[in-house]
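Below is one structure, written out as structure tokens; comments come after it.
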Amino acid sequence: MDKQNIVIANWKMNLSPADSLKLAEAIIAKLGEIKPLKAQIVLCPDFLSLSGVAQKITGQPIMLGAQDCFWEPVGAFTGEVSAQFLHELGCAYVILGHSERRQYVAETNEQINLKVKAALANSLIPIICVGETFAERQEGDKDSVISQQVSNALTGIRLLDQDKVIIAYEPVWVIGSGQAVAPEEAEHAHRVIRQVLIDHFSMNAVNGQIKIIYGGSVKPNNVGNFLIQPAIDGILVGGASLEAESFAELVKQANL
Ligand code: PEP
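Heads up, the sequence shown is in my numbering, so the first residue is 725 and it goes up one at a time.
Below, the structure written as structure tokens:
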């Protein structure tokens with residue numbers, strides 16, 4: 725049986741709420757041409773655009789995701805957004821630990837772990853981003869860095885039957901660079917991650933409740949090479965998700 729790929733769009737802080745709505749509309753129109761649509765699709769706009777995009781995609785085979793959440797459910801946490809509120813708004817997914825958050829707001833593995841717990845407690849599927857920097861890769865530390873990030877993000881977590889988790893392997897140095905890693909290198913990293921997951925959870929849970937996806941300069945001209953790798957269950961896309969045409973092309977190739 726073919727695997728069901730997941731295609732996740734991370735719009736980052738690239739679009740205003742009005743532009744997010746326009747792009748959601750254009751994507752809905754383009755994806756309508758793909759019949760049958762078998763891939764799972766998730767759009768992750770910025771916080772301000774979530775409710776508008778939620779309304780647009782109602783009744784469509786498209787899910788909504790946020791780009792971050794806070795770990796406390798409610799309270800005096802100025803500027804933060806709770807996983808509970810995201811769920812209430814219609815989000816099913818939340819990106820956590822993206823390298824841009826690790827870099828620009830110094831998000832730590834410990835904070836990411838708390839956020840993963842909050843996401844699961846509020847029926848959200850965490851998309852946990854891990855990946856090495858160029859320096860770590862040059863030092864030969866890639867496998868240990870990503871293993872540690874996965875392990876730290878999942879510390880103290882026991883998956884309940886209904887829980888689902890996505891790990892996104894995103895080599896930091898290729899994000900937004902236009903140059904992806906070799907698909908075989910991504911496949912190797914996915915196997916390393918899979919082993920860490922098997923050390924944490926049962927084999928059944930890893931096979932049935934967790935997907936491992938690749939992100940980092942995925943484009944229509946390279947996506948096929950990633951999706952044929954056996955351990956790659958889908959893609960997380962930044963730049964190529966900002967135009968309906970290129971996003972739909974990625975979905976077509978993931979629609980196995
Ligand atoms: C990302 O930031 O998650 C990402 C994959 O970006 P890009 O596709 O632009 O490299």
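Think of the CB as a built atom: it goes at the ideal place given N, C-alpha and C, for glycine as much as any other residue. Computed from a predicted structure; not experimentally measured.
*Under three-state DSSP, which class holds I765?*
strand
*Answer yes or no: the CB of G855 versus the heavy atoms of the ligand PEP, is any distance below 6 angstroms?*
no
*Starting from M787, follow the beta strand (DSSP E) in both directions and report where the run begins and ends.*
I786 to A790
*Tell me where the alpha helix (DSSP H) around N734 begins and ends.*
Per DSSP, N734 belongs to no alpha helix (DSSP H); it is in the beta strand (DSSP E), I730 to N734.
*Kindly indicate the opening and closing residues of the alpha helix (DSSP H) around G932.*
M927 to Q933
*Give a yes or no on whether the C-beta atoms belonging to V898 and A904 are separated by under 7 angstroms.*
yes
*When burial is assigned at 16 or more other CB atoms within 10 Å of the CB, is D887 buried or exposed?*
buried
*Under a three-way DSSP split, which group does F809 fall into?*
helix
*Specify, as a first and last residue, the run of the alpha helix (DSSP H) that G948 falls within.*
V947 to L951
_Using only CA atoms, which one of A816, S901 and V930 lies nearest to H914?_
V930
*asked:* Please determine whether the Cβ atom of S970 lies at a distance below 6 angstroms from any heavy atom of the ligand PEP.
replied: no
_Reduced DSSP secondary structure (H/G/I, E/B, other) of A906_ = coil
*Please list, in chain order, all residues of the same chain as V947 whose beta carbon is under 6 angstroms from its beta carbon, the five residues on each side excluded.*
L974 and Q977
*asked:* For S740, count the other beta carbons within 10 Å of its own beta carbon; 16 or more makes it buried, fewer makes it exposed. Which is it?
replied: exposed
*For I730 versus K935, is the C-beta spacing smaller than 7 angstroms?*
yes
*Using CA coordinates, which residue listed in Y893, E834 and A877 is at the minimum distance from T857?*
Y893
*With a cut-off of 8 angstroms, do at least 3 Cβ pairs link the region 859–866 to the region 878–886?*
no
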